[in-house]
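> As given, the protein sequences belong to chains A and B, one line each in that order. Note that my numbering has the first sequence beginning at 28, numbered continuously upward. Note that my numbering has the second sequence beginning at 204, numbered continuously upward.
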Amino acid sequence: MSAIEETVTEAAAVEAVPKKAMTLGYGTSLAVLVLLIAVPLLVKNFIIFQLTMLLIYAVAVLALNILTGGSGQFSLGQSAFYAVGAYTSAILMEHGGINYALTLPVAGVICFGFGFLFGQPALRLSGVYLALATFALATAMPQLLKLGAFEYWTGGVQGLVVTKPDAPFGLPMSQDMWLYYFTLAISLAIYIFSVNLLRSRSGRAFMAIRDNEIAASAMGIDVALYKTLAFGVSAGITGVAGGLGAIAVQFVAPDSYTIALAISLFLGMVVGGVGWLPGSIVGSAFIIFVPNIAEGISKGLSGAVFGVLLFLVIFLVPHGARQGAIVVQHLIGKLRGN
Amino acid sequence: MELFTNQVLAGISTGAIYACMALAVVMIYQAIDHLNFAQGEMAMFSTFISWQLMQWGVPYWGAFVLTLVLSFIGGIAIERLLFKPLAKAPILTNVAGFIALYSIVNSVAGLIWDFTIKQYPTPFGSYPFLGSQLISTHQAGMIGVTILLLIGLFFFFRFTRMGLAMRAAASLPESARLVGINTSWMIALGWGMAAAIGSIAGMMIAPVVFLEPNMMLGVLIYGFAAAVLGGLTSPLGAVIGGFLVGIMENLAGTYIPGAGNELKLPIALALIIVVLVVKPAGLLGRPIVKRV
Chain A
28 MSAIEETVTE AAAVEAVPKK AMTLGYGTSL AVLVLLIAVP LLVKNFIIFQ
78 LTMLLIYAVA VLALNILTGG SGQFSLGQSA FYAVGAYTSA ILMEHGGINY
128 ALTLPVAGVI CFGFGFLFGQ PALRLSGVYL ALATFALATA MPQLLKLGAF
178 EYWTGGVQGL VVTKPDAPFG LPMSQDMWLY YFTLAISLAI YIFSVNLLRS
228 RSGRAFMAIR DNEIAASAMG IDVALYKTLA FGVSAGITGV AGGLGAIAVQ
278 FVAPDSYTIA LAISLFLGMV VGGVGWLPGS IVGSAFIIFV PNIAEGISKG
328 LSGAVFGVLL FLVIFLVPHG ARQGAIVVQH LIGKLRGN
Chain B
204 MELFTNQVLA GISTGAIYAC MALAVVMIYQ AIDHLNFAQG EMAMFSTFIS
254 WQLMQWGVPY WGAFVLTLVL SFIGGIAIER LLFKPLAKAP ILTNVAGFIA
304 LYSIVNSVAG LIWDFTIKQY PTPFGSYPFL GSQLISTHQA GMIGVTILLL
354 IGLFFFFRFT RMGLAMRAAA SLPESARLVG INTSWMIALG WGMAAAIGSI
404 AGMMIAPVVF LEPNMMLGVL IYGFAAAVLG GLTSPLGAVI GGFLVGIMEN
454 LAGTYIPGAG NELKLPIALA LIIVVLVVKP AGLLGRPIVK RV
């Protein structure tokens, strides 16, 4: 006995986003960049640290956005890739004595491999099953990191303390500020890479798979390859973000990378607008600052505030920040017209 | 050999927990074709309600029945208010909705009842069952409840008009609507039943794992693993899957060195992935054929 499912009448797992709608124009991009460069010069060290975290989470959300918005696959397990990246950097720095900047590509490559391998079984899964498998991955990760066998390397439950790098070449800036610009440079490189990736042949293959897998394979796209590739790329970028996170926070511990982090990143993507890459930074700002405000109101409330806001976004602005951007664009267009 | 049989017995008794949860998972999957990530949290919330009722002096079985009714109504209310408007939305939106619900329920429970661990009573007592040190009367009672539940569900789906209508609405919604079934309400009913079954699972599990807002996370993952193993479309499969998962967990803990409590969740993860790769339909599920 078998059930037949009509795939044509069935809604796609993720709403199709046209390629052009995925990025910002040059003018706006430059304005945002100038803003990101200028702001740290005006604020205190603690705020600079928060801005660094903002960029780091933005990169992680961007990675999820490539996977979901680009290739239409889910992941509730991004925290696992983030954790692997963070631990790779931390272990290389503390046990291997390797320069922090050099640990990032290693974290990226290791996570790419991990994601690519995890993508293999995930190939058989779609939609909700994939969400399930990655959900299980995210919940299992902290236990794997606490494992006695790796305790020498990972520091077990205690975690590892990472030393914060100084600014090189005797540059007259604080550690926080140097780290911010370092992160900004890497985030920018990753952003440009991602935009170009989605505009390339591979990017078009991702989107074809997202919109209709069977039609895509009929057009000659190697569905298996591109789906695992999307997983690998997404995991790799998340790994770099994780590595940066470890350097910025100066500490890695299993319980920093629970399912809550994965949920945050997922939420960031939904708030920022699925498939709209610049939205990642909006989503990241949301997941960094909203819990602070919620915790300020009452401890333990942040989960409820998160959930309620997520529902509001789903119902009122299903396209997230992209919808806001479209409205602004229309307004500017009208002003120019007059 | 004695160690082996003992571990299998112990596995069956923990398996009853997973079987209960897996039944709730399968129930909702049948009704709406999605896995509800908030299922465990909903069950936890129901359990807290029953605990609160008992604190107010309601006797165990009174609280049990009241909680069942409240959970049933709560499940329907959640569907009507939050998920009915999302019925036509992409899967992503639905998953986001489940995640939101998960986060709200967990946080609100912590807010109302605090994150401290609470004792939860059992109606069966916790003496050795038939003189065996491995299965307590509570665990035996839990197995009994699970089997009763399964039989009840079987009769409901097989022999009642309502059960038939629900099955029709789940498998071919368009055609079901054409023959006059109110498919939208069937989905709401599915949510209600899943919430009620979840609450039974929660009330049976709470004496074992103790009551606290995060008590269901591990159980939910194992419930998912059990449901996937048994086949997401088959209640019987879910129960068998639950017992098998319990046995596997215990055997792995005994015979694989280093795989004690600290590898609990990774084992479930490995199991889910292996089943999904080797036999995606599960033991008793039916395969789904896609047609363009």
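Positions of the beta carbon are idealized from the N, C-alpha and C atoms, including for glycine.
Count the other CB atoms, across all protein chains shown, that sit within 10 Å of the CB of A:F338; report buried if there are 16 or more and exposed otherwise.
A:F338 comes out buried.
> Would you kindly check if the distance between the Cβ of B:Q242 and the Cβ of B:A397 is under 9 Å?
Taking 9 Å as the Cβ cut-off, B:A397 and B:Q242 qualify as a contacting pair.
> Taking any Cβ of chain B, which residues in the stretch 281-301 of chain A have a Cβ under 8 Å from it, in chain order?
From the stretch 281-301 of chain A, only I286, I290, F293, L294, V297, V301 have a Cβ closer than 8 Å to chain B.
> Once you ignore the five residues that flank B:I384 on each side, which residues in its own chain have a CB closer than 8 Å to its CB?
A368, A371, A372.
> Might you give, ordered along the chain, the residues of its own chain that have their beta carbon closer than 7 Å to the beta carbon of B:F286, omitting 5 neighbours on each side?
Excluding positions up to five away in sequence, the list reads G300.
> Going by DSSP, what residue range makes up the alpha helix (DSSP H) through A:S283?
Neither: A:S283 is in no alpha helix (DSSP H) and is coded neither H nor E.
> Drop a sphere of 10 angstroms on the beta-carbon of A:E178, count the other beta-carbons inside from all chains shown, and report buried for 16 or more, exposed for fewer.
It counts as exposed.
> Go through its chain and collect everything with a Cβ distance to A:D282's Cβ below 7 Å, but skip five positions before and after it.
Contacts found: P169.
> Buried or exposed: where does B:L479 fall if 16 or more other Cβ atoms within 10 Å of its Cβ makes it buried?
Counting Cβ neighbours within 10 Å, B:L479 comes out buried, since at least 16 surround it.
> When the Cβ atoms of the stretch 72-80 of chain A are set against those of the stretch 120-135 of chain A, are three or more pairs found closer than 8 Å?
Verdict: no, contact absent.
> Compare the C-beta of B:P469 with all C-beta atoms of chain A and state if any pair is closer than 9 Å.
Yes - at least one Cβ of chain A is within 9 Å of the one on B:P469.
> Should A:P345 be flagged as near chain B, meaning a C-beta pair shorter than 9 Å?
With 9 Å as the cut-off, A:P345 counts as an interface residue toward chain B.
> Might you give, ordered along the chain, the residues of its own chain that have their beta carbon closer than 7 Å to the beta carbon of A:A257, omitting 5 neighbours on each side?
Around A:A257: I93, L94, G97, S98, Q100, F233.
> Any C-beta of chain A within less than 9 Å: which residues of the stretch 323-356 of chain B qualify?
Correct list: empty, as no residue qualifies.
> I'd like to know if the stretch 107-123 of chain A and the stretch 231-248 of chain A are in contact, where contact means that at least 3 CB-CB pairs between them fall below 8 Å.
No, the stretch 107-123 of chain A does not touch the stretch 231-248 of chain A.
> Could you tell me which chain A residues have their CB closer than 7 Å to the CB of B:V480, listed as they occur along the chain?
Chain A residues near B:V480: P148, R151.
> Determine, using beta carbons only, whether A:A30 comes closer than 9 Å to chain B.
With a pLDDT of 46 at A:A30, under the threshold of 50, the modelled position of this residue cannot be trusted; read the value that follows with caution. Chain B contact via Cβ: present.
> Can you check whether the CB of B:G393 is closer than 9 Å to the CB of B:M230?
Yes.
> In terms of residues, what are the limits of the alpha helix (DSSP H) holding A:K254?
250-276 is the extent of the alpha helix (DSSP H) around A:K254.
> I need the boundaries of the alpha helix (DSSP H) containing B:G426, first residue and last residue.
Residues 419-433.
> Please confirm if the stretch 399-412 of chain B is in contact with the stretch 440-454 of chain B, defined as three or more CB-CB distances below 8 Å between the two stretches.
Too few Cβ pairs lie closer than 8 Å, so no.
> Please name the residue in B:G344, B:L414, B:F267 whose C-alpha comes closest to that of B:G218.
Nearest option by C-alpha distance: B:G344.
> Does the pairing of the stretch 304-312 of chain A with the stretch 245-262 of chain A give three or more beta-carbon distances under 8 Å?
The stretch 304-312 of chain A vs the stretch 245-262 of chain A: no contact.
> Listed from N- to C-terminal order along the chain, which residues in the stretch 295-320 of chain B have their beta-carbon within a distance smaller than 7 Å of any beta-carbon of chain A?
Cβ contacts with chain A: L295, T296, V298, A299, G300, I302, A303, L304, S306, I307, N309, S310, V311, G313, L314.
> Among B:P469, B:A213, B:F207, B:I279, which residue has its Cα nearest to the Cα of B:T340?
Ranking the options by Cα distance to B:T340, first place goes to B:A213.
> Determine, for A:V332, whether the minimum Cβ-Cβ distance to residues of chain B falls below 9 Å.
Cβ-Cβ to chain B under 9 Å: yes for A:V332.
> From this set, B:I346, B:D236, B:L289, B:I281, which residue's C-alpha is nearest B:V308's C-alpha?
When only C-alpha atoms are compared, the closest one is B:I281.
> Rank B:M389, B:S216, B:L420 by C-alpha distance to the C-alpha of B:Q233 and give the top, closest one.
B:Q233 has its Cα closest to that of B:M389, out of B:M389, B:S216, B:L420.
> Tell me which residues of the stretch 417-451 of chain B have at least one Cβ-Cβ distance to chain A shorter than 7 Å, keeping chain order.
Cβ contacts with chain A: L420, I424, F427.
> Just to confirm the assignment, what range does the alpha helix (DSSP H) spanning B:P288 have?
From DSSP, B:P288 is part of no alpha helix (DSSP H); its letter is neither H nor E.
> Residues of chain B with CB under 8 Å from A:Y415, in chain order?
Beyond the ends of chain A as shown, which are 28 and 365, falls residue 415 of chain A; an answer cannot be given.
> Once DSSP output is grouped into helix, strand and coil, what is the label at A:L82?
Reduced to three states, the DSSP call for A:L82 is helix.
> Please confirm whether A:F233 has its beta-carbon closer than 9 Å to some beta-carbon of chain B.
Taking Cβ atoms only, chain B never reaches closer than 9 Å to A:F233, which makes this a no.
> Can you tell me whether A:S29 is buried or exposed? The criterion is at least 16 other CB atoms within 10 Å of its CB, across all chains shown.
Residue placement at A:S29 cannot be trusted, given a pLDDT of 40 that sits under 50; what the coordinates show is reported in the next sentence. A:S29 is exposed by the Cβ-count criterion.
> Along chain A, in chain order, which residues have C-beta atoms closer than 7 Å to that of B:L285?
Within chain A, the residues near B:L285 are F338.
> Starting from B:P331, follow its DSSP beta bridges and name the residues at the other end.
For B:P331, which the question treats as bridged, DSSP gives the partners B:S339.
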